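To start, the structure itself, in structure tokens.
Number of protein chains: 2
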Amino acid sequence: MSHNRLFIPGPTEALPEVLAKQTDYLIGHRSKDFTALYTGIIGKLQEYFETEQHATVLTSSGTIWMDITARNIVQKKALAGVCGAFSQRMAKTISDSGKEVDTLDVEWGQAIKPEAVLEALAKDDYDTVAIVHNETSTGVRNPVGDIGAAIKKEYPDIMFVVDAVSSMGGNYMVPEKMNTDILFASTQKCFALPPGLSIALYSEEAVERARTVPGRGFYTDLVGIHDYYLKKQQNPTTPNMSLMYALTYQLDRMLAEGAKARHDRHEQMAQYTRAWANRYMEMFPEPGYESITVSTIANTQEKNIGDLNKELAKKGYQIANGYGAKLKEKTFRIGHMGEWNLDDVKSLLWHIDEIWEQ
Amino acid sequence: MSHNRLFIPGPTEALPEVLAKQTDYLIGHRSKDFTALYTGIIGKLQEYFETEQHATVLTSSGTIWMDITARNIVQKKALAGVCGAFSQRMAKTISDSGKEVDTLDVEWGQAIKPEAVLEALAKDDYDTVAIVHNETSTGVRNPVGDIGAAIKKEYPDIMFVVDAVSSMGGNYMVPEKMNTDILFASTQKCFALPPGLSIALYSEEAVERARTVPGRGFYTDLVGIHDYYLKKQQNPTTPNMSLMYALTYQLDRMLAEGAKARHDRHEQMAQYTRAWANRYMEMFPEPGYESITVSTIANTQEKNIGDLNKELAKKGYQIANGYGAKLKEKTFRIGHMGEWNLDDVKSLLWHIDEIWEQ
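Chains L and W supply the protein sequences, listed in that same order. Heads up: the first sequence begins at 6 in this note's numbering, then just goes up one per residue. Heads up: the second sequence begins at 6 in this note's numbering, then just goes up one per residue.
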């Protein structure tokens, strides 16, 4: 299998030394060795995200936290901000879990603003607000910190759930500063690990809320996950420990780099990519709300993106087409997340220049 | 981290060459390369289990299929056979998902019999029967083939769900012969891989049933998983492809060994372990229903199992204590599943002899 350097918005490139950690011998998931591994990971997550909230790692993709939100947090009715394919999925998951949900829709490419959220909340009784921080389809970064502050000031009992699948571990974020009750992500994006684990930080209030919501099931039961950890410092179900070996190693690397430095590196890559994109076309997100981990570019020159990727593959690179029928070929996406740095992005863009200038 | 040879009922020992497959470079999960990998796995599963049913691989532990059963298969009311900790979990998951469930309880150590299932089914209207094939706690192997035949003869519309977490890939089984509508397992038991993926074989009728059941959510939506595969031959959410690299390799090994030969190897290990156990004490399961993948032994001599494991660790071996408060120290378990063979089991038991005869 040939190796393309992945400049797609996940899975991102994982370092060979990180991948190699997965080959360590398996251990019993009820052993003291596993407890030491897992509590170590939880502590590192809390340190990296500067939080006193609870942390958990679940064997799943990040999307399961949409189900967990629906089954544990939404009592009667949620408001979901919809600005792209993944926030659409959040609303659909809540609805498909038999709970009521209203959507706050903005045009794709636009961001969800705090004023719009407050306006929507005034219209009905909601117990949960769900927002995608970094909409991986449109490349929009929603101002979740401002939204969280606005919600909690007026409606302290509303639970605030944020999908940070493609930004957590890239963007600098502290749950307490964002007023999030659940903040979740996957390992294969900014954490630069293989897919297979989801990571969540959740407030005490989220657990208390969950205790009041029936029908949480087992695998998706936040109360079960929480109480089991308090009692045994382990997972209620068998976790992917191979990937946890890689996660604990990678968290050490992330802590050594520092959360703010990691943010700045992503910001650098994003700014360079935006400047490059604006030479040819324009950015798809509204100005001021561009993601720092994935740049979605409006394909105003109608370049053939499928062909571009074929040419890039010959050089050992891969970018992403627009997400879904609505954005494919009309936009394209460059993921600059995880372990890439500015020089890597410059190399990629130099290759695209060369292809387009032929 | 020292390496103990794992004779616990999961995770089991994975071969170093299998673990190494996880270090292959990541690829996009929407790429043709991934489609080729995944359709290859699905084909190999269908070949190994001699089935024309559908197959799927989900990033989760096997337990999620209890939630999937509750959310997709149970319309109104299920009957769950309960004969140990994991079948108890199945009943609880259905109930905690807001569906009705009656339990058919037998004493722990006893098996669920077809006649008892038919007797229970006559008492009320059930749409689903859930049975654990190989109860990992008690070491009982329930006669699911006979149960399936009995149910489908009298009640063809009842869906038959079988948890085969600790037997699938060890015991020879064909879904059509067992009349199962969902048959599921995890990778870390008889498949001898790290934990992190679940494997399920499901009937067309299971999908048709699921289409009638609201509230399936997203991550646990069997219809979504099924339809996405038909359309794109991929997973709806990002899968753990590192572990799929290992799975496709291990399935080739399993196919080379053959499902019946693999069963016979497990049977050999089980028979030897039972004969050994009977020299000291007795088997916990009722005769004729002993698992071939995990031997649960009644600790009638009141040996200290915690101490035994400490001594075994010095020799590089690990077995399992009884599962849960009810069976701990009163029983102990020897997992002989996955890649172990008779000589490996003989070595382990020889070491236990030596410890006990000191």
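Just so it is clear, CB atoms sit at the ideal spot from N, CA and C, and this is done for glycine as well. Given the structure is predicted, the values throughout are model-derived calculations rather than measurements.
### Task
Give the interface partners of H34 (chain W) over in chain L, defined as CB-CB distance under 8 Å, in chain order.
Per Cβ cutoff of 8 Å: P16 and P200.
### Query
Are there 16 or more other CB atoms within 10 angstroms of the CB of W355 (chain L), so buried, or fewer, so exposed?
Looking at its Cβ environment, which holds fewer than 16 other Cβ atoms inside 10 Å, W355 (chain L) is exposed.
### Task
Note down, in chain order, each residue of its chain lying with its Cβ closer than 7 Å to the Cβ of T98 (chain L), except the 5 sequence neighbours on either side.
Cβ within range, chain order: M71, D72 and A75.
### Message
So for D110 (chain W), helix, strand or coil by DSSP?
### Response
Three-state DSSP puts D110 (chain W) in a strand.
### Message
Given a cut-off of 8 Å on the beta-carbon distance, is the pair I69 (chain W) and A60 (chain W) in contact?
### Response
Going by C-beta atoms, I69 (chain W) is not nearer than 8 Å to A60 (chain W).
### Query
Which whole-angstrom value describes the C-beta separation of I360 (chain W) and I339 (chain W), a residue pair presumed to lie in contact below a C-beta threshold of 8 Å?
Their Cβ separation, rounded to whole angstroms, is 14 Å, which puts I360 (chain W) and I339 (chain W) out of contact at 8 Å.
### Query
For H8 (chain W), does the count of other Cβ atoms within 10 angstroms reach 16, so buried, or fall short, so exposed?
Looking at its Cβ environment, which holds fewer than 16 other Cβ atoms inside 10 Å, H8 (chain W) is exposed.
#### Entry: Separation of V23 (chain W) from D257 (chain W), as counted between CA atoms
The C-alpha of V23 (chain W) is placed about 11 Å away from the C-alpha of D257 (chain W).
### Query
Thinking C-beta only, is H271 (chain W) closer than 8 Å to N176 (chain W)?
The answer is yes: Cβ separation under 8 Å.
### Three-state secondary structure (DSSP) of F196 (chain L)
DSSP, reduced to helix, strand and coil, places F196 (chain L) outside both helices and strands of the structure shown, so it counts as coil.
### Cβ contact (3+ pairs, closer than 8 Å) linking the segment 181-198 of chain L and the segment 208-216 of chain L
In this structure the segment 181-198 of chain L touches the segment 208-216 of chain L; the number of beta carbon pairs closer than 8 Å is three or more.
### Query
What span of residues does the beta strand (DSSP E) with R338 (chain W) cover, start to end?
Run containing R338 (chain W): T336 to G340, per the beta strand (DSSP E) assignment.
### Within chain W, the residues that A75 (chain L) reaches when beta carbons sit closer than 7 Å
When 7 Å is used as the limit between beta carbons, A75 (chain L) is near these residues of chain W: G222, in chain order.
### Query
So, using beta-carbon positions, are I152 (chain L) and V122 (chain L) closer together than 8 Å?
V122 (chain L) is positioned such that its CB atom lies closer than 8 Å to that of I152 (chain L).
#### Entry: Alpha-carbon spacing of V179 (chain W) relative to K82 (chain W), whole angstroms
A straight line joining the alpha-carbon of V179 (chain W) with that of K82 (chain W) spans about 27 Å.
### Query
Would you report the Cα separation of Y173 (chain W) and C195 (chain W), rounded to the nearest angstrom?
Residue identity differs from the one stated: residue 173 (chain W) is Met in this sequence, not Tyr. Cα to Cα, the separation comes out at about 6 Å.
### Task
Give the single residue among L:K319, L:E362 and L:A275 whose Cα lies nearest to the Cα of P14 (chain L).
Per the Cα distances, L:A275.
### Task
Give a yes or no on whether the minimum CB-CB distance between A19 (chain W) and chain L is below 8 Å.
Interface with chain L (8 Å Cβ-Cβ cutoff): A19 (chain W) is included.
### Task
Could you tell me whether the Cβ of L353 (chain W) comes closer than 8 Å to any Cβ of chain L?
By the rule that beta-carbons nearer than 8 Å mark a contact, L353 (chain W) does not touch chain L.
### Task
Quick one: residues in its chain with C-beta nearer than 8 Å to the C-beta of T28 (chain L), no 5 flanking neighbours on either side, listed in chain order?
So the qualifying residues of the chain are S247.
### Query
Quick one: which chain L residues come within Cβ less than 7 Å of G103 (chain W)?
Listed along chain L, the residues sitting closer than 7 Å to G103 (chain W) by beta-carbon distance are P219 and G220.
### Query
Can a CB atom of chain L be found closer than 8 Å to the CB of K315 (chain W)?
It does not; no Cβ of chain L falls within 8 Å.
### Message
Using the Cβ count rule (16 or more neighbours within 10 Å means buried), how would you classify D132 (chain W)?
### Response
Buried, because 16 or more other Cβ atoms sit within 10 Å of the Cβ of D132 (chain W).
### Message
Here's the rule I'm using: 16 or more other beta-carbon atoms within 10 Å means buried, otherwise exposed. How should L260 (chain L) be labelled?
### Response
Its Cβ having fewer than 16 others within 10 Å, L260 (chain L) is exposed.
#### Entry: Neighbour list for N346 (chain W) in chain L, Cβ cutoff strictly below 8 Å
The contacting residues do not exist; N346 (chain W) stays about 18 Å from chain L at best.
### Query
Can a CB atom of chain W be found closer than 8 Å to the CB of S66 (chain L)?
For S66 (chain L), the nearest beta carbon of chain W is closer than 8 Å to its own beta carbon.
### Query
Would you call the segment 24-43 of chain W and the segment 213-233 of chain L touching, i.e. three or more CB-CB distances under 8 Å?
The segment 24-43 of chain W, when compared against the segment 213-233 of chain L, does not touch it at the 8 Å Cβ threshold.
### Short CB-CB distance (under 8 Å) between A25 (chain L) and chain W
Answer yes: the Cβ-Cβ gap between A25 (chain L) and chain W drops below 8 Å somewhere.
### Query
To which residues of the same chain is W281 (chain L) closer than 7 Å at the C-beta, ignoring the five residues directly before and after it?
Same-chain partners within the cutoff: L354.
### Neighbourhood of G399 (chain L) by C-beta distance below 7 Å, restricted to the same chain and skipping five residues each side
Residue 399 (chain L) lies beyond the range of chain L shown here (6 to 363); nothing can be said about it.
#### Entry: chain W contacts from the segment 226-237 of chain L (Cβ-Cβ distance under 8 Å)
Residues of the segment 226-237 of chain L that bring their beta carbon within less than 8 Å of a beta carbon in chain W comprise D226, in sequence order.
### Query
Should N245 (chain L) be flagged as near chain W, meaning a C-beta pair shorter than 8 Å?
Yes, N245 (chain L) lies at the interface with chain W (some Cβ there is under 8 Å from its Cβ).
#### Entry: Cβ-based neighbour list, I230 (chain L), same chain, cut-off 8 Å, excluding 5 preceding and 5 following
Non-local C-beta neighbours of I230 (chain L) in its own chain, meaning closer than 8 Å and more than five positions away in sequence, comprise T61, L63, N240 and P241, ordered along the chain.
### Task
Whole angstroms is fine: what's the gap from M6 (chain L)'s alpha carbon to Y250 (chain W)'s?
Residue confidence for M6 (chain L) is low, a pLDDT of 45 falling below 50, so the modelled location carries little weight and cannot support an answer.
### Query
In chain L, which residues lie with their C-beta within 9 Å of the C-beta of D11 (chain W)?
Residue identity check: residue 11 (chain W) is Leu in the sequence provided, not Asp. Neighbours of L11 (chain W) on chain L, chain order: Y30, L31, I32 and G33.
### Message
Contact criterion: CB-CB distance below 8 Å. Does T141 (chain L) meet it with respect to chain W?
### Response
Among the residues facing chain W, T141 (chain L) is not included, as its CB has no counterpart in that chain under 8 Å away.
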